[in-house]
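From first to last, the protein sequence lines are chains Y and R.
Quick note: the first sequence, position 83, residue 117 per the numbering used here, numbers continuous.
Quick note: the second sequence, position 51, residue 52 per the numbering used here, numbers continuous.
Cβ atoms here follow ideal geometry from the backbone N, Cα and C, with glycine treated the same way.
Working notes, structure below.
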Amino acid sequence: DQQVKQNSPSLSVQEGRISILNCDYTNSMFDYFLWYKKYPAEGPTFLISISSIKDKNEDGRFTVFLNKSAKHLSLHIVPSQPGDSAVYFCAASARGNTPLVFGKGTRLSVIA
Amino acid sequence: DTGVSQDPRHKITKRGQNVTFRCDPISEHNRLYWYRQTLGQGPEFLTYFQNEAQLEKSRLLSDRFSAERPKGSFSTLEIQRTEQGDSAMYLCASSLGTLFLNTDTQYFGPGTRLTVL
């Protein structure tokens with residue numbers, strides 16, 4: 035049973051436009067959520083996180099929104115740049131200090 | 002570079018051989034995690050340490066796998082009698098966990114790519 039789901043395997047966006055990556059979760063015990071970016075042959079790089087006590091967190095071009103009632107979070111990247119092309123993973127933990135549970139990732143392609 | 006480091010970056014071995022990977026976490030981090038990632042999947046948790054204590058193991062961690070963190074600093078992951086199904090990227094992550102902080106951000110190393118022939 036997959037507890038963290040990223041239902042879009044891939045997404046293409048034009049440079050300068052907004053990229054929206056979605057993630058759904060099923061475990062109501064999850065209270066800390068993270069987004070990681072991964073290039074081929076490298077480890078995941080931490081991007082941004084959000085605690086369940088918030089519904090939005092912003093860091094530069096990256097904003098994460100959390101809708102606890104829908105068990106849904108999204109990552110917005112604006113404006114999108116070609117260097118943002120990578121696989122993005124959504125991850126969650128319970129009580130904020132247990133091993134992360136990852137989704138399968140969404141491959142973002144930003145087209146110049 | 003003060004990030005998480007892993008060695009080797011690539012390992013090719015024959016089925017039945019033993020392999021050992023090393024992870025050096027960010028120096029002040031007390032928690033260290035091992036994950037495995039196969040093609041098309043997200044990283045899957047294997048085991049984690051708080052200081053030198055191994056606190057949790059996944060059911061993915063068969064008895065052929067063993068991990069240690071002898072002095073609460075670096076960690077090793079050994080796979081005995083490797084099988085072709087062990088081929089994957091093995092990722093190490095570290096974090097600074099405290100009882101009072103419920104937002105434990107894990108930082109990953111570059112991974113070790115294992116190929117079992």
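Residue i versus residue j - alpha carbon distance
i              : j              : result
residue 80(Y)  : residue 20(R)  : 28 Å
residue 121(Y) : residue 72(Y)  : 5 Å
residue 50(R)  : residue 37(R)  : 16 Å
residue 43(Y)  : residue 105(Y) : 19 Å
residue 140(Y) : residue 39(R)  : 15 Å
residue 87(R)  : residue 45(R)  : 13 Å
residue 47(Y)  : residue 115(Y) : 9 Å
residue 91(R)  : residue 112(R) : 5 Å
residue 126(Y) : residue 135(Y) : 5 Å
residue 59(R)  : residue 146(Y) : 42 Å
residue 99(R)  : residue 53(R)  : 15 Å
residue 101(Y) : residue 67(Y)  : 12 Å
residue 12(R)  : residue 69(R)  : 19 Å
residue 77(Y)  : residue 50(Y)  : 26 Å
residue 129(Y) : residue 83(R)  : 35 Å
residue 65(R)  : residue 14(R)  : 15 Å
residue 1(R)   : residue 40(Y)  : No answer is possible for residue 1(R): the residues shown for chain R start at 2 and end at 118.
residue 4(R)   : residue 35(Y)  : 33 Å
residue 52(Y)  : residue 18(R)  : 48 Å
residue 54(Y)  : residue 92(Y)  : 14 Å
Under the three-state DSSP convention, the category residue i falls into
i              : result
residue 55(R)  : strand
residue 38(R)  : strand
residue 7(R)   : strand
residue 118(Y) : helix
residue 22(R)  : strand
residue 76(Y)  : coil
residue 127(Y) : strand
residue 67(R)  : strand
Residue interval of the beta strand (DSSP E) (run including residue i)
i              : result
residue 90(R)  : 89–96
residue 56(Y)  : 53–59
residue 81(Y)  : 79–85
residue 85(R)  : Careful: residue 85(R) lies outside any beta strand (DSSP E) and carries neither H nor E.
residue 72(Y)  : 64–72
residue 48(Y)  : 44–48
residue 63(R)  : From DSSP, residue 63(R) is part of no beta strand (DSSP E); its letter is neither H nor E.
residue 109(Y) : 106–111
residue 91(Y)  : 90–93
residue 27(R)  : Where residue 27(R) is concerned, there is no enclosing beta strand (DSSP E), given that its DSSP letter is neither H nor E.
residue 141(Y) : 140–145
residue 96(Y)  : 96–101
Within 9 Å, strictly: CB atoms of residue i and residue j
i              : j              : result
residue 47(R)  : residue 56(R)  : no
residue 97(R)  : residue 32(R)  : yes
residue 34(R)  : residue 95(R)  : yes
residue 110(Y) : residue 96(Y)  : yes
residue 89(R)  : residue 115(R) : yes
residue 118(Y) : residue 144(Y) : yes
residue 67(R)  : residue 23(R)  : no
residue 56(Y)  : residue 37(Y)  : no
residue 87(Y)  : residue 69(Y)  : no
residue 110(R) : residue 7(R)   : yes
residue 108(Y) : residue 104(R) : no
residue 93(R)  : residue 9(R)   : no
- Task: For the stretch 59–93 of chain Y, enumerate the residues whose C-beta is nearer than 8 Å to any C-beta of chain R, in chain order.
- Result: Against chain R - using a Cβ distance shorter than 8 Å - the residues of the stretch 59–93 of chain Y are 65, 66, 68, 70, 75, 76, 77, 78, 79, 80, 83, 85.
- Task: Mind checking the stretch 106–120 of chain Y against chain R and listing, in chain order, the residues whose C-beta falls within less than 8 Å of any C-beta there?
- Result: Against chain R - using a Cβ distance shorter than 8 Å - the stretch 106–120 of chain Y contributes no residues.
- Query: Listed from N- to C-terminal order along the chain, which residues in the stretch 37–49 of chain R have their beta-carbon within a distance smaller than 8 Å of any beta-carbon of chain Y?
  - Reply: Within the stretch 37–49 of chain R, the qualifying residues are 41, 42, 43, 44, 45, 46, 49.
- Query: Relative to chain Y, which residues along the stretch 18–30 of chain R have a C-beta separation below 8 Å, given in chain order?
  - Reply: From the stretch 18–30 of chain R, no residue has a Cβ closer than 8 Å to chain Y.
- Name the residues in the stretch 106–118 of chain R whose C-beta lies less than 8 Å from a C-beta of chain Y; which are they? Result list: 106, 107, 108, 109, 110, 111, 112, 114.
- Message: Any C-beta of chain Y within less than 7 Å: which residues of the stretch 54–76 of chain R qualify?
- Response: So the list reads 57, given in the order they occur along the chain.
- Query: For the stretch 83–99 of chain R, which residues have a beta carbon sitting closer than 7 Å to at least one beta carbon of chain Y?
  - Reply: Of all residues in the stretch 83–99 of chain R, the ones placed with a Cβ closer than 7 Å to any Cβ belonging to chain Y are 92, 98, in chain order.
- Query: Mind listing which residues of the stretch 126–139 of chain Y have their C-beta closer than 9 Å to chain R's C-betas, in chain order?
  - Reply: Against chain R - using a Cβ distance shorter than 9 Å - the residues of the stretch 126–139 of chain Y are 127, 129, 130, 131, 132, 133, 134, 135, 136, 137, 138, 139.
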